[in-house]
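K.L.:
Dropping a structure here in structure tokens format, bear with me for questions.
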Amino acid sequence: MHVSRQRDERVPPGAYMLFTPSRSRVVVVLNDNDSWDYTKPFLLRRERGKGRQRQAILGEHPSSYSDNGYGSHCPLLPLPGNNRFKRGSHDVPEVVAYPLPQTSSYMSHASSSVAMVSGLHPAKMNCTRIFNLFCLYGNIEKVKFMKSVPGTALVEMGDEYAVDRAITHLNSIKVFSKRLNVCVSKQHAVIPSQVFELEDGSSSYKDFAMTRNNRFTSAGQASKNIIQPPSCVLHFYNVPPCISEDDLQRLCTEHDVPGFIKYKVFDAKPSSKTISGLLEFDSKTHAVEVLTVLNHYQIRIPNGSNPYTLKLCFSTSSHL
Numbered sequence: 031m032h033v034s035r036q037r038d039e040r041v042p043p044g045a046y047m048l049f050t051p052s053r054s055r056v057v058v059v060l061n062d063n064d065s066w067d068y069t070k071p072f073l074l075r076r077e078r079g080k081g082r083q084r085q086a087i088l089g090e091h092p093s094s095y096s097d098n099g100y101g102s103h104c105p106l107l108p109l110p111g112n113n114r115f116k117r118g119s120h121d122v123p124e125v126v127a128y129p130l131p132q133t134s135s136y137m138s139h140a141s142s143s144v145a146m147v148s149g150l151h152p153a154k155m156n157c158t159r160i161f162n163l164f165c166l167y168g169n170i171e172k173v174k175f176m177k178s179v180p181g182t183a184l185v186e187m188g189d190e191y192a193v194d195r196a197i198t199h200l201n202s203i204k205v206f207s208k209r210l211n212v213c214v215s216k217q218h219a220v221i222p223s224q225v226f227e228l229e230d231g232s233s234s235y236k237d238f239a240m241t242r243n244n245r246f247t248s249a250g251q252a253s254k255n256i257i258q259p260p261s262c263v264l265h266f267y268n269v270p271p272c273i274s275e276d277d278l279q280r281l282c283t284e285h286d287v288p289g290f291i292k293y294k295v296f297d298a299k300p301s302s303k304t305i306s307g308l309l310e311f312d313s314k315t316h317a318v319e320v321l322t323v324l325n326h327y328q329i330r331i332p333n334g335s336n337p338y339t340l341k342l343c344f345s346t347s348s349h350l
């Protein structure tokens, strides 16, 4: 775009008049050092010979997190070298995180950090059990059952990407013979109103923002999580070495959940204070129910000062 400058007899010597161009819109097709559209920061340079890349719903690897905590969902884009918003060498970082563009294919998922879950078993599901299942895909802030819609709860997660992962992996799965429907809520926060008592006697609302059982509280912690869909094999860890296969089987029986059919414990260092391993179940549904009930169960041992928190997640193994 060319802006013309010319002298005017009415203007004192040394001064110029700026004439505005007739064109009111500037089209930018590429963000680089010569042009930059601040309303479309995702206009990246494409390699010659390659077509437009599709944005994957979960990124190239949903469990890989960068330092900004968003991983492949939130690419780091360089600011233009002559950017006028940079005031000093330490005021603005050289790279900034931009969310994914709100394309039509993506807006059906990541538009809110609140998920709505329906199809919940009225007697067997509560706020804690929802947390046990959904925490595999992102931090959980609050959970609230809706009094006006039985069997339905709102789950406020850490961000919309966590909601997206929960929808992708948990929608349509069966829990206690009820098929879950997980979708994005129109609400952007869970408000603790109309609190009532659920059938099991627990509260219809619970705040999990400060719990230590959230697994995505830092980029380093988040990178250790393997984002997996439900499977018939569970990975267990943080279990005291004195706990045997029979002890874990008895734990399932005491909590009225299906027992496992195969057990494998990983070799641990002699100095290790905990053990880990795999549990295989008859079906994916059985594994989901066990995880929903026993995830974060407090294991107390004789003469032990603090309990061990049993941690479960879905394994990448399909069978043992």
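Counting in the working numbering, the sequence shown runs from 31 upward without gaps.
Note that CB positions come from ideal geometry on N, CA and C, so glycine has one too.
From D276 to I291, what does the alpha carbon distance come to, in whole angstroms?
P.N.:
If you take the alpha carbons of D276 and I291, they lie about 12 Å apart.
K.L.:
Out of V144, A153, K154, state which residue places its alpha-carbon closest to the alpha-carbon of K172.
P.N.:
It is V144 whose Cα lies nearest to the Cα of K172.
K.L.:
Let me make sure I understand the geometry here. Which of S347, F311, N268 has the alpha-carbon closest to that of Y327?
P.N.:
The option with the nearest alpha carbon to Y327 is N268.
K.L.:
Indicate whether the contact test is met: 3 or more Cβ pairs, each with one atom in the stretch 300-308 and one in the stretch 144-156, closer than 8 Å.
P.N.:
With a cut-off of 8 Å, the stretch 144-156 and the stretch 300-308 do not count as touching, because too few Cβ pairs lie within range.
K.L.:
Return yes when the Cβ of P288 is within less than 7 Å of the Cβ of F344, no when it is not.
P.N.:
No, these two residues do not count as a Cβ contact at 7 Å.
K.L.:
Identify the continuous alpha helix (DSSP H) that holds K177 and give its terminal residues.
P.N.:
Where K177 is concerned, there is no enclosing alpha helix (DSSP H), given that its DSSP letter is neither H nor E.
K.L.:
Buried or exposed, going by whether 16 or more other CB atoms sit within 10 Å of the CB of F206?
P.N.:
Looking at its Cβ environment, which holds 16 or more other Cβ atoms inside 10 Å, F206 is buried.
K.L.:
From the DSSP output, read off the bridge partner residues of C282.
P.N.:
The partner list for C282 (beta bridge, DSSP) is empty, contrary to what the question assumes.
K.L.:
Do A196 and Y167 count as a contact pair if the criterion is CB distance below 7 Å?
P.N.:
Contact: yes.
K.L.:
Since L366 and V295 are thought to touch, with beta carbons under 8 Å apart, how far apart are those beta carbons, to the nearest angstrom?
P.N.:
The chain is shown from 31 up to 350; residue 366 falls before or after that span and cannot be answered.
K.L.:
Under DSSP, the alpha helix (DSSP H) around E190 begins and ends at which residues?
P.N.:
Its alpha helix (DSSP H) spans residues 190-200.
K.L.:
Which value, in whole angstroms, describes the spacing of the CA atoms of S233 and I221?
P.N.:
For S233 and I221, the distance between alpha carbons rounds to 14 Å.
K.L.:
Can you tell me whether S134 is buried or exposed, with buried defined as 16 or more other CB within 10 angstroms of its CB?
P.N.:
Its pLDDT being 40, under 50, S134 is placed unreliably in this model, and the coordinates cannot settle the point.
K.L.:
Note the first and the last residue of the continuous beta strand (DSSP E) segment covering H265.
P.N.:
It spans 263-269 - the beta strand (DSSP E) in which H265 sits, taken as one unbroken run.
K.L.:
Please name the residue or residues paired with V318 in a DSSP beta bridge.
P.N.:
According to DSSP, V318 bridges with nothing at all.
K.L.:
Under 7 Å between the Cβ atoms of S141 and S215?
P.N.:
No, they are not a contact pair.
K.L.:
Between which residues of its own chain and G181 is the CB-CB distance below 7 Å, once the five residues before and five after are set aside?
P.N.:
So the list reads S148, G149, L150, P152, once near-sequence residues are dropped.
K.L.:
R242 by DSSP, collapsed to three states: which one?
P.N.:
It is coil, neither helix nor strand.
K.L.:
Would you call V225 buried or exposed, if buried means 16 or more other Cβ atoms sit within 10 Å of its Cβ?
P.N.:
It is exposed - the Cβ of V225 has fewer than 16 other Cβ atoms within 10 Å.
K.L.:
Only counting runs of 4 or more residues, tell me where the alpha helix (DSSP H) segments fall wholly within the stretch 146-177, in order along the chain.
P.N.:
The qualifying runs are 157-164.
K.L.:
Assign G334 to one of three DSSP states: helix, strand, or coil.
P.N.:
It is coil, neither helix nor strand.
K.L.:
Between the C-alpha atoms of N186 and N243, what's the straight-line distance to the nearest angstrom?
P.N.:
Looking at the sequence itself, residue 186 is Glu, so the reference to Asn does not match. Going from the Cα of E186 to the Cα of N243 covers about 15 Å.
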